[in-house]
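Numbering (our numbering), first residue to last: -1 to 281. To start, the structure under review is shown below, and the notes come after it.
See the structure below:
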């Protein structure tokens, strides 16, 4: 019960898995969230063995389905006295237009709205911690955003690259708005750019696109290992250096100015109204 309890979404591969291992080695009690139960169980055992930390469990949830996000939050609240760290890491890039079973555009649902629902549903559980931390994993791609991510319902209006950039902007905008709302609590909220990481990210768009994506970064010599990409996430989750710091964007374990658009209060309010309206939840 003295261990810090950390929930990580998208924890079965890439930087989420690397962050889980890093925090397990620091004796955190972990809840790993993934979409595939078999894979989640396997990663859970791997993290236990490599970290020698037996307090690693998992839950299965598809965050693109808001019903599932609510169900995950309900199970967490039932089974855990508090949450000390929430790492909203799950994300994907969809080049082709898709809608979820609830009729929401897939990028919006996966990269932002599921975490919006999960986070707001867990606020009371986070408040039970002595110093709770929320970490939203964004990307440098947010700098290419054109505005608030929209619920694009028509395939002819869909631009996968733009929608992805806007979703990463949404991660930062959500961070700033929520940090302001929680300024009188013990909960801090920060966003992070992990950098370009050599993972299977974007593999869902086909092998040719994935290889092209990796080759681009390899030629620029910018690809990091998952462990390197997870360093700032682990730092924000565990370091005393960031105690009390909230509403900030980090890269390479340092504060960094995010895009001008991310600080636009009117756009932040527009995103919150869109998110609340689609999800039926507010703070």
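Cβ atoms here follow ideal geometry from the backbone N, Cα and C, with glycine treated the same way. Given the structure is predicted, the values throughout are model-derived calculations rather than measurements.
- A direct Cα-to-Cα measurement between residue 123 and residue 81 gives close to 6 Å.
- Cα atoms of residue 167 and residue 152: separation of roughly 22 Å, rounded to the nearest angstrom.
- Assigned with DSSP and collapsed to three states, residue 30 falls in strand.
- The beta strand (DSSP E) runs of length 3 or more contained entirely in the region 63 to 132 are, from start to end of the chain, 83 to 86.
- 176 is the residue among 233, 68, 176 and 186 whose C-alpha sits nearest the C-alpha of residue 267.
- Residue 120 is positioned such that its CB atom lies no closer than 8 Å to that of residue 85.
- Less than 8 Å divides the Cβ of residue 277 from the Cβ of residue 115.
- Remark: C-beta atoms of residue 232 and residue 17 approach each other more closely than 8 Å.
- Listed as beta-bridge partners of residue 45 by DSSP are no residues whatsoever.
- About 15 Å separates the beta carbons of residue 29 and residue 66, which is beyond the 8 Å limit, so they are not a contact pair.
- Distance between residue 104 and residue 95, taken at the CA atoms: about 8 Å.
- Boundaries of the alpha helix (DSSP H) around residue 12: 12 to 23.
- Between the alpha carbons of residue 129 and residue 154 lies a gap of roughly 46 Å.
- DSSP places residue 188 in the uninterrupted beta strand (DSSP E) bounded by 186 to 190.
- For residue 182 and residue 244, the gap between their C-alpha atoms comes out near 11 Å.
- Ranking 32, 254 and 25 by CA distance to the CA of residue 47 puts 25 first.
- Residue 281 holds the alpha-carbon nearest to the alpha-carbon of residue 179 among 281, 27 and 62.
- Cβ-Cβ separation between residue 149 and residue 110: approximately 11 Å, too far for a contact (criterion under 8 Å).
- Annotation for residue 127: 80 and 82 place their beta carbon closer than 6 Å to its own, counting only its chain and skipping 5 residues before and after.
- By the criterion of a C-beta distance shorter than 6 Å, residue 4 is surrounded in its chain by 21, 26, 28 and 83, once the five residues flanking it on both sides are discounted.
- Residue nearest to residue 138 within the set 275, 263 and 258 is 258 (criterion: CA-CA distance).
- Of all alpha-carbon atoms in 37, 193 and 45, the one lying nearest the alpha-carbon of residue 53 is that of 45.
- If you check the CB distance, residue 9 and residue 131 do not come in under 8 Å.
- Nearest in C-alpha terms to residue 250, of all of 88, 156, 230 and 237, is 230.
- Per DSSP, residue 232 is one residue of the alpha helix (DSSP H) stretching across 224 to 236.
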